[in-house]
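Colleague: Take a look at the following structure, please.
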Amino acid sequence: MLPGFSSELIQLSSKISDFESSDIGRVTLHRLAHVEGLTISVTSALAPGPAKKAFDKGREQERKSQWDKAQEFLTKAVQLYPQYAVAWFELGRVQAQMNNAAGARQSFSQALASDPKYVSPYQALAQLGASEKRWADVVEITDKLLRLNPVNFPEAWLLNSVGNYMAQNFEAAENSARQGIKVDDAHRAPKLEYLLGMLLLRKRDYSGASQHMQQYLSLATQPAEMEEAHKQLAEIARLSSSASLPSASPKK
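So that you can map any letter, position 14 of the sequence shown is 2 in our numbering, and since no number is skipped, the others follow by simple counting.
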């Protein structure tokens, strides 16, 4: 198991997962050239009035954490308009809150069937896969998401990197971690730094590992995570020191 990453890290809800930072910080705008996937769905504009009304009521109940009522209205919305991708996605989020993983997965998949370029369901499915340790699924789903939109989802780069790490595809994991850091100007996924540090430690690149672990410590806010990072940093320093010691000369 990768230190600092447990099966409980991904919370299947509308809350920010433990992989992410709750500090929004500054907002960086990226040009959308060559970006096909968006966080809005074109199907919403075609929704008939009754379906929109049911959707709005469902969202209202969702904001109140009234999950049963939210599910009722959102189910009605997709029944009235089966191509309503955003309604399918919100229904999946509600089902996740109700610990109905199978239902959530089906709803997220229906959202993608309705609009394959709507990226939010990809991220939700990847989080679901990570919570269930289905790492091959996580890599496959995030690969699709990142082909559609490689600039706005550092969290997806992190999930992709973790999935590849768990599958022992270390080169791919490192590439994804580096790309995630490159696009994460606002530090929404600080554990990219931690993960890259661990990957470089594995390669005995102690200088690089130390640099990224220190960068992670400058971003981390949770005491337990900071303690773990300090332990790893001390281990990096120990290994680096040992590697720099001259080997003993053979006795004559």
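For glycine and all other residues, C-beta sits at the position ideal for the given N, C-alpha and C.
1. Rounded to whole angstroms, what's the CA-CA distance from Arg93 to Leu113? Just pull it up for me.
2. Would you check if there are 3 or more beta carbon pairs closer than 8 Å linking the stretch 180 to 199 to the stretch 155 to 164?
3. May I ask you to report which of helix, strand or coil DSSP gives Tyr241?
4. Glu120 by DSSP, collapsed to three states: which one?
5. What ranges does the alpha helix (DSSP H) occupy inside the stretch 108 to 174, keeping only unbroken runs of at least 4 residues that lie completely in it?
6. Going by C-alpha distance, which of Met214, Ala225, Glu215 is nearest Gly196?
7. In whole angstroms, give me the CA-to-CA distance for Lys126 and Asn148.
8. Would you kindly report the start and end of the unbroken alpha helix (DSSP H) that includes Val30?
9. Are the CB atoms of Pro36 and Tyr69 nearer to each other than 7 Å?
10. Mapping DSSP to helix, strand and coil, what is Gln210?
11. Could you compute how far the alpha carbon of Ala84 sits from the alpha carbon of Ala118?
12. Flag this pair as yes or no: are the beta carbons of Lys45 and Phe61 separated by less than 7 Å?
13. Express the C-alpha separation of Leu180 and Glu216 in angstroms, rounding to a whole number.
14. Could you tell me whether the Cβ atoms of Trp76 and Gln54 are closer together than 7 Å?
15. Which residues in the same chain have their Cβ closer than 6 Å to the Cβ of Phe43, if we skip the five residues on either side of it in sequence?
16. Whole angstroms is fine: what's the gap from Ser32's alpha carbon to Gln199's?
17. Going straight from the alpha carbon of Ala90 to that of His218, what length do you get?
18. Nearest to Thr27 by CA position, among Pro109, Asn88, Asn157, Ile169, is which residue?
19. On a CA-only basis, which of Ser102, Arg47, Val107, Pro104 is nearest Val82? Give me that one, please.
20. If you drop the 5 nearest sequence neighbours on each side, which residues of the same chain put their C-beta closer than 6 Å to that of Leu134?
Modeller: Taking the structure as given:
1. In a straight line, the C-alpha of Arg93 is about 7 Å away from that of Leu113.
2. yes
3. This structure cannot speak to residue 241, because the chain is shown only from -11 to 240.
4. Here Glu120 carries a coil assignment [DSSP, helix/strand/coil].
5. 108 to 119, 123 to 136, 142 to 154, 158 to 171
6. Ala225
7. A small fix is needed here, since residue 126 is Val in this sequence, not Lys. The straight-line gap from Cα to Cα measures roughly 7 Å.
8. Premise fails: Val30 is in no alpha helix (DSSP H) and is neither H nor E.
9. A Cβ-Cβ contact shorter than 7 Å links Pro36 with Tyr69.
10. When secondary structure is reduced to three states using DSSP, Gln210 falls in the coil class, being assigned neither helix nor strand.
11. 14 Å
12. yes
13. 15 Å
14. no
15. Ala65, Ala75
16. Going by the C-alpha atoms only, they are around 45 Å apart.
17. 38 Å
18. Nearest of Pro109, Asn88, Asn157, Ile169 to Thr27, Cα basis: Pro109.
19. Arg47
20. Cβ neighbours of Leu134 beyond the five flanking positions: Ala144.
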